Amino acid sequence: MSNAIDRRDFLKLAGLGGVVFASGLPGFALAAGQDEFYFVQLSDCHWGFEGPPNPDAKGTLKKAITTVNALERQPDFIIFTGDLTHTTDDPAERRRRLSEFTQIASDLKVKTVRFMPGEHDSALDNSAAYREFFGATTYTFDHKGVHFIVVDNVSDAGASMGGEQLEWLAADLRQQKTDSPIVVFAHRPLFALYPQWDWATRDGARAIDLLLPYKNLTVFYGHIHQEHHHMTGHIAHHAAKSLIFPLPVAGSVPKRAPLAWDASEPYKGLGFRGVSVDTQSGQTALSEFTVVKKAQANATDKT
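Structure below.
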(Lines of atoms letter the chains of each structure in order from A and count residues from 1; the text may use other names and numbers.)
(Lines give C-alpha, C1' and ligand atoms only; values in the text may rest on other atoms or scores of the structure.)
Protein backbone atom coordinates (compact mmCIF):
# COMPACT_ATOMS: atom_id res chain seq x y z
CA MET A 1 0.00 0.00 0.00
CA SER A 2 1.43 3.37 -0.97
CA ASN A 3 1.98 5.99 1.74
CA ALA A 4 1.68 8.90 -0.71
CA ILE A 5 -1.15 11.37 -0.17
CA ASP A 6 -2.72 13.02 -3.18
CA ARG A 7 -3.90 16.63 -3.34
CA ARG A 8 -7.54 15.84 -2.49
CA ASP A 9 -6.55 13.80 0.58
CA PHE A 10 -4.08 16.44 1.68
CA LEU A 11 -6.62 19.25 1.53
CA LYS A 12 -9.17 17.09 3.33
CA LEU A 13 -6.70 16.52 6.17
CA ALA A 14 -5.41 20.08 6.21
CA GLY A 15 -8.96 21.32 6.53
CA LEU A 16 -9.14 19.77 9.97
CA GLY A 17 -7.37 22.81 11.35
CA GLY A 18 -4.43 23.76 9.21
CA VAL A 19 -1.97 21.17 10.48
CA VAL A 20 -1.97 17.40 10.29
CA PHE A 21 0.15 15.28 12.62
CA ALA A 22 0.88 12.15 10.63
CA SER A 23 3.06 10.29 13.13
CA GLY A 24 1.47 6.99 12.14
CA LEU A 25 2.53 7.30 8.50
CA PRO A 26 6.26 6.41 8.42
CA GLY A 27 6.46 6.76 4.66
CA PHE A 28 4.31 9.88 4.52
CA ALA A 29 4.90 11.98 1.40
CA LEU A 30 2.75 13.81 -1.08
CA ALA A 31 2.11 12.25 -4.43
CA ALA A 32 4.54 13.30 -7.14
CA GLY A 33 3.45 15.77 -9.78
CA GLN A 34 1.03 17.71 -7.57
CA ASP A 35 1.09 21.32 -6.38
CA GLU A 36 2.52 20.26 -3.05
CA PHE A 37 6.00 19.37 -1.93
CA TYR A 38 7.72 18.27 1.22
CA PHE A 39 10.96 18.97 3.03
CA VAL A 40 12.77 17.37 5.95
CA GLN A 41 13.70 19.16 9.18
CA LEU A 42 16.55 17.84 11.33
CA SER A 43 17.61 19.64 14.47
CA ASP A 44 20.01 19.72 17.41
CA CYS A 45 22.63 17.24 16.25
CA HIS A 46 25.20 18.53 18.78
CA TRP A 47 28.08 16.94 16.89
CA GLY A 48 31.02 16.69 19.31
CA PHE A 49 28.90 15.84 22.34
CA GLU A 50 30.19 12.81 24.24
CA GLY A 51 29.14 10.85 27.29
CA PRO A 52 25.80 10.13 28.95
CA PRO A 53 23.00 9.93 28.12
CA ASN A 54 23.69 8.90 24.51
CA PRO A 55 26.13 5.97 24.23
CA ASP A 56 25.98 6.30 20.43
CA ALA A 57 26.73 10.03 20.26
CA LYS A 58 29.11 9.53 17.34
CA GLY A 59 26.68 7.35 15.42
CA THR A 60 23.21 8.84 15.86
CA LEU A 61 23.56 11.61 13.26
CA LYS A 62 24.96 9.18 10.71
CA LYS A 63 22.09 6.76 11.34
CA ALA A 64 19.57 9.56 10.88
CA ILE A 65 21.15 10.48 7.56
CA THR A 66 20.95 6.85 6.46
CA THR A 67 17.25 6.86 7.37
CA VAL A 68 16.63 10.07 5.42
CA ASN A 69 18.45 8.64 2.41
CA ALA A 70 16.20 5.58 2.56
CA LEU A 71 12.92 7.52 2.46
CA GLU A 72 10.62 6.19 -0.23
CA ARG A 73 10.40 9.63 -1.80
CA GLN A 74 13.25 12.08 -1.34
CA PRO A 75 12.32 15.56 -0.09
CA ASP A 76 12.70 18.71 -2.17
CA PHE A 77 15.19 20.02 0.36
CA ILE A 78 16.50 19.43 3.88
CA ILE A 79 17.08 22.00 6.62
CA PHE A 80 19.04 21.65 9.85
CA THR A 81 17.50 24.04 12.41
CA GLY A 82 20.54 24.73 14.58
CA ASP A 83 22.92 23.30 17.16
CA LEU A 84 24.77 21.49 14.43
CA THR A 85 27.65 21.07 16.89
CA HIS A 86 28.07 20.97 20.65
CA THR A 87 29.50 24.06 22.31
CA THR A 88 33.21 24.37 23.08
CA ASP A 89 35.37 27.20 24.41
CA ASP A 90 38.16 26.25 21.99
CA PRO A 91 37.82 28.11 18.65
CA ALA A 92 39.94 25.50 16.85
CA GLU A 93 37.82 22.67 18.23
CA ARG A 94 34.65 24.54 17.23
CA ARG A 95 35.88 24.71 13.63
CA ARG A 96 36.94 21.07 13.69
CA ARG A 97 33.45 20.03 14.78
CA LEU A 98 31.82 22.21 12.13
CA SER A 99 34.11 20.67 9.51
CA GLU A 100 33.26 17.12 10.62
CA PHE A 101 29.56 17.92 10.67
CA THR A 102 29.79 19.30 7.12
CA GLN A 103 31.49 16.12 5.92
CA ILE A 104 28.83 13.92 7.53
CA ALA A 105 25.95 16.00 6.12
CA SER A 106 27.48 15.71 2.65
CA ASP A 107 26.39 12.05 2.63
CA LEU A 108 22.77 13.13 2.20
CA LYS A 109 21.39 12.12 -1.19
CA VAL A 110 19.40 15.34 -1.42
CA LYS A 111 21.84 18.02 -2.48
CA THR A 112 19.70 21.05 -1.57
CA VAL A 113 20.55 21.20 2.13
CA ARG A 114 20.17 24.38 4.17
CA PHE A 115 21.60 25.27 7.54
CA MET A 116 21.12 27.72 10.37
CA PRO A 117 22.99 28.09 13.67
CA GLY A 118 22.02 27.24 17.21
CA GLU A 119 23.46 28.86 20.30
CA HIS A 120 25.92 25.96 20.67
CA ASP A 121 27.36 26.87 17.27
CA SER A 122 27.28 30.62 17.66
CA ALA A 123 26.76 32.27 21.04
CA LEU A 124 30.43 32.28 22.08
CA ASP A 125 31.75 34.01 18.95
CA ASN A 126 28.68 35.71 17.45
CA SER A 127 28.62 33.08 14.67
CA ALA A 128 32.11 33.88 13.37
CA ALA A 129 33.09 30.22 12.90
CA TYR A 130 29.64 29.26 11.64
CA ARG A 131 29.80 31.93 8.92
CA GLU A 132 33.13 30.57 7.68
CA PHE A 133 31.39 27.29 6.85
CA PHE A 134 27.81 28.24 6.02
CA GLY A 135 27.64 31.97 5.33
CA ALA A 136 24.84 34.25 6.49
CA THR A 137 22.79 33.36 9.57
CA THR A 138 19.67 35.06 8.19
CA TYR A 139 18.36 34.59 4.68
CA THR A 140 15.26 33.91 2.62
CA PHE A 141 14.44 31.63 -0.27
CA ASP A 142 11.39 30.73 -2.33
CA HIS A 143 10.31 27.26 -3.36
CA LYS A 144 7.29 26.46 -5.52
CA GLY A 145 5.46 29.60 -4.49
CA VAL A 146 6.19 29.37 -0.75
CA HIS A 147 8.37 32.01 0.90
CA PHE A 148 10.86 30.77 3.52
CA ILE A 149 12.53 33.01 6.11
CA VAL A 150 15.46 31.95 8.30
CA VAL A 151 15.95 34.10 11.40
CA ASP A 152 18.83 34.19 13.88
CA ASN A 153 17.93 34.28 17.58
CA VAL A 154 21.15 32.61 18.78
CA SER A 155 24.20 34.61 17.66
CA ASP A 156 23.47 37.17 20.35
CA ALA A 157 24.42 35.55 23.65
CA GLY A 158 21.47 37.35 25.24
CA ALA A 159 19.01 35.46 23.02
CA SER A 160 17.77 38.53 21.14
CA MET A 161 17.25 39.03 17.43
CA GLY A 162 18.08 42.72 17.67
CA GLY A 163 16.67 45.83 16.05
CA GLU A 164 18.63 45.51 12.81
CA GLN A 165 17.39 41.98 12.16
CA LEU A 166 13.82 42.90 13.07
CA GLU A 167 13.98 45.73 10.54
CA TRP A 168 15.29 43.26 7.96
CA LEU A 169 12.43 40.89 8.75
CA ALA A 170 9.85 43.68 8.48
CA ALA A 171 11.27 44.80 5.13
CA ASP A 172 11.15 41.25 3.76
CA LEU A 173 7.60 40.70 4.95
CA ARG A 174 6.45 43.91 3.29
CA GLN A 175 7.34 42.30 -0.05
CA GLN A 176 4.80 39.52 0.61
CA LYS A 177 1.03 39.56 0.29
CA THR A 178 -0.84 39.00 3.54
CA ASP A 179 -2.25 35.73 2.19
CA SER A 180 1.06 34.45 0.80
CA PRO A 181 2.20 31.05 2.12
CA ILE A 182 5.17 31.73 4.41
CA VAL A 183 7.35 29.44 6.55
CA VAL A 184 9.71 30.80 9.20
CA PHE A 185 12.63 28.85 10.67
CA ALA A 186 14.14 29.79 14.04
CA HIS A 187 16.30 27.88 16.49
CA ARG A 188 14.86 29.06 19.79
CA PRO A 189 11.10 29.45 20.17
CA LEU A 190 9.99 32.96 19.27
CA PHE A 191 7.35 32.85 22.01
CA ALA A 192 8.11 32.60 25.75
CA LEU A 193 7.76 28.85 26.19
CA TYR A 194 9.81 28.66 29.42
CA PRO A 195 12.31 31.51 29.87
CA GLN A 196 13.68 29.93 33.06
CA TRP A 197 15.26 27.27 30.85
CA ASP A 198 16.29 29.67 28.06
CA TRP A 199 13.31 28.50 26.00
CA ALA A 200 12.41 31.92 24.65
CA THR A 201 13.64 34.81 22.51
CA ARG A 202 14.03 38.04 24.42
CA ASP A 203 12.48 40.17 21.67
CA GLY A 204 10.49 37.35 20.11
CA ALA A 205 7.18 39.10 20.81
CA ARG A 206 8.26 41.88 18.45
CA ALA A 207 8.96 39.30 15.75
CA ILE A 208 5.57 37.64 16.27
CA ASP A 209 3.87 41.05 15.98
CA LEU A 210 5.49 41.40 12.55
CA LEU A 211 4.32 37.92 11.53
CA LEU A 212 0.72 38.11 12.73
CA PRO A 213 -0.69 40.07 9.76
CA TYR A 214 0.18 37.12 7.48
CA LYS A 215 -2.65 34.61 7.33
CA ASN A 216 -0.81 31.55 6.05
CA LEU A 217 2.36 31.50 8.13
CA THR A 218 3.95 28.65 10.10
CA VAL A 219 7.06 28.60 12.32
CA PHE A 220 9.41 25.61 12.76
CA TYR A 221 12.11 25.58 15.40
CA GLY A 222 14.36 23.33 17.50
CA HIS A 223 16.30 23.96 20.73
CA ILE A 224 13.95 22.22 23.20
CA HIS A 225 14.80 18.66 22.07
CA GLN A 226 11.21 17.44 21.87
CA GLU A 227 8.14 17.65 19.68
CA HIS A 228 5.98 20.59 20.79
CA HIS A 229 3.12 22.53 19.20
CA HIS A 230 1.91 25.99 20.19
CA MET A 231 -0.33 28.71 18.73
CA THR A 232 0.17 32.47 18.89
CA GLY A 233 -3.07 33.72 17.41
CA HIS A 234 -3.43 31.88 14.10
CA ILE A 235 0.32 31.13 13.82
CA ALA A 236 1.38 27.55 14.56
CA HIS A 237 4.84 26.94 16.07
CA HIS A 238 6.29 23.41 15.84
CA ALA A 239 9.42 22.23 17.68
CA ALA A 240 11.40 19.28 16.35
CA LYS A 241 13.00 16.42 18.24
CA SER A 242 16.75 16.32 18.75
CA LEU A 243 19.29 13.95 17.22
CA ILE A 244 21.39 13.62 20.40
CA PHE A 245 19.21 13.44 23.55
CA PRO A 246 15.67 14.40 24.59
CA LEU A 247 14.90 17.01 27.25
CA PRO A 248 12.02 17.01 29.77
CA VAL A 249 8.77 18.88 29.32
CA ALA A 250 9.08 22.51 30.37
CA GLY A 251 8.83 22.88 34.14
CA SER A 252 8.17 19.18 34.73
CA VAL A 253 11.36 18.82 36.80
CA PRO A 254 13.29 21.34 38.91
CA LYS A 255 16.34 21.36 36.63
CA ARG A 256 16.66 21.02 32.87
CA ALA A 257 18.77 17.95 32.15
CA PRO A 258 18.87 15.31 29.39
CA LEU A 259 16.55 12.36 29.83
CA ALA A 260 18.24 9.05 30.58
CA TRP A 261 19.00 6.60 27.79
CA ASP A 262 16.57 3.67 27.71
CA ALA A 263 18.50 0.58 26.66
CA SER A 264 15.24 -1.27 26.04
CA GLU A 265 14.16 1.45 23.60
CA PRO A 266 17.33 2.92 22.09
CA TYR A 267 16.97 6.34 20.42
CA LYS A 268 13.65 6.88 22.19
CA GLY A 269 12.66 10.54 21.95
CA LEU A 270 15.05 11.24 19.08
CA GLY A 271 14.05 11.83 15.48
CA PHE A 272 13.32 14.20 12.62
CA ARG A 273 10.27 15.25 10.64
CA GLY A 274 8.91 15.58 7.16
CA VAL A 275 6.81 18.64 6.40
CA SER A 276 4.41 18.59 3.46
CA VAL A 277 3.29 21.98 2.21
CA ASP A 278 0.29 22.88 0.08
CA THR A 279 1.56 25.63 -2.21
CA GLN A 280 -1.83 27.26 -2.60
CA SER A 281 -2.77 27.68 1.05
CA GLY A 282 0.46 27.17 2.96
CA GLN A 283 -1.20 24.39 4.98
CA THR A 284 1.33 21.97 6.43
CA ALA A 285 1.16 18.28 7.30
CA LEU A 286 3.77 16.86 9.68
CA SER A 287 5.22 13.37 9.73
CA GLU A 288 7.50 12.38 12.61
CA PHE A 289 10.27 9.85 11.95
CA THR A 290 12.47 7.90 14.36
CA VAL A 291 16.26 7.98 13.94
CA VAL A 292 16.29 4.36 12.86
CA LYS A 293 13.78 1.57 12.44
CA LYS A 294 13.25 -0.56 15.53
CA ALA A 295 15.17 -3.49 14.13
CA GLN A 296 18.15 -1.26 13.41
CA ALA A 297 17.92 0.41 16.81
CA ASN A 298 18.25 -2.95 18.52
CA ALA A 299 21.30 -3.90 16.49
CA THR A 300 24.60 -3.89 18.32
CA ASP A 301 26.75 -2.56 15.50
CA LYS A 302 27.67 1.15 15.59
CA THR A 303 28.56 3.36 12.64
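With the UniProt record's numbering, the residue at position 182 of the sequence shown is 182, and numbering never jumps.
Yeah, the Cβ is synthetic: ideal placement off N, Cα and C, and Gly gets one too.
Bear in mind the structure is a predicted one, so any value in this text is a computation, not a measurement.
Touching by the beta-carbon criterion (3+ pairs, under 8 Å), the region 197-215 and the region 152-168
Enough Cβ pairs lie closer than 8 Å, so yes.
Measure from the alpha carbon of A257 to the alpha carbon of each residue in E93, L286, N54 and I208, then state which is nearest.
Closest by C-alpha distance to A257, out of E93, L286, N54 and I208, is N54.
Return the residue from the list S252, H225, T218 and T81 that minimises the CA-CA distance to T232.
If we check each option's Cα against that of T232, T218 comes out closest.
Please report the straight-line C-alpha distance between A22 and E132, rounded to a whole angstrom.
With a pLDDT of 38 at A22, under the threshold of 50, the modelled position of this residue cannot be trusted; read the value that follows with caution. Looking at the two C-alpha atoms, the distance is approximately 37 Å.
Between the Cα of W261 and those of A57, Y38 and E36, spot the shortest distance and give me the residue it belongs to.
For the set A57, Y38 and E36, the Cα lying nearest the Cα of W261 is the one of A57.
Who does S242 pair with in a DSSP beta bridge?
In the DSSP output, where bridge partners are listed per residue, S242 has L270.
Where E50 falls, given that 16 or more other Cβ within 10 Å makes a residue buried
The residue in question, E50, is exposed, as its Cβ has fewer than 16 Cβ neighbours within 10 Å.
Length of the line joining the Cα atoms of E167 and T66:
In this structure, the alpha-carbon of E167 lies about 40 Å from that of T66.
In angstroms with no decimal places, state the Cα-to-Cα distance between K144 and S180.
Here the C-alpha atom of K144 lies approximately 12 Å from the C-alpha atom of S180.
Close beta carbons around P117, own chain, < 6 Å, minus the five adjacent residues each side
Closer than 6 Å at Cβ, skipping near neighbours: G82, S127, Y130, T137 and V154.
Is the separation between the beta-carbon of G269 and that of T290 shorter than 7 Å?
No; because the gap between Cβ atoms is not below 7 Å, this pair is not in contact.
Does V291 come out as helix, strand or coil in the three-state DSSP assignment?
Assignment of V291 by DSSP, reduced to helix, strand and coil, places it in the coil class.
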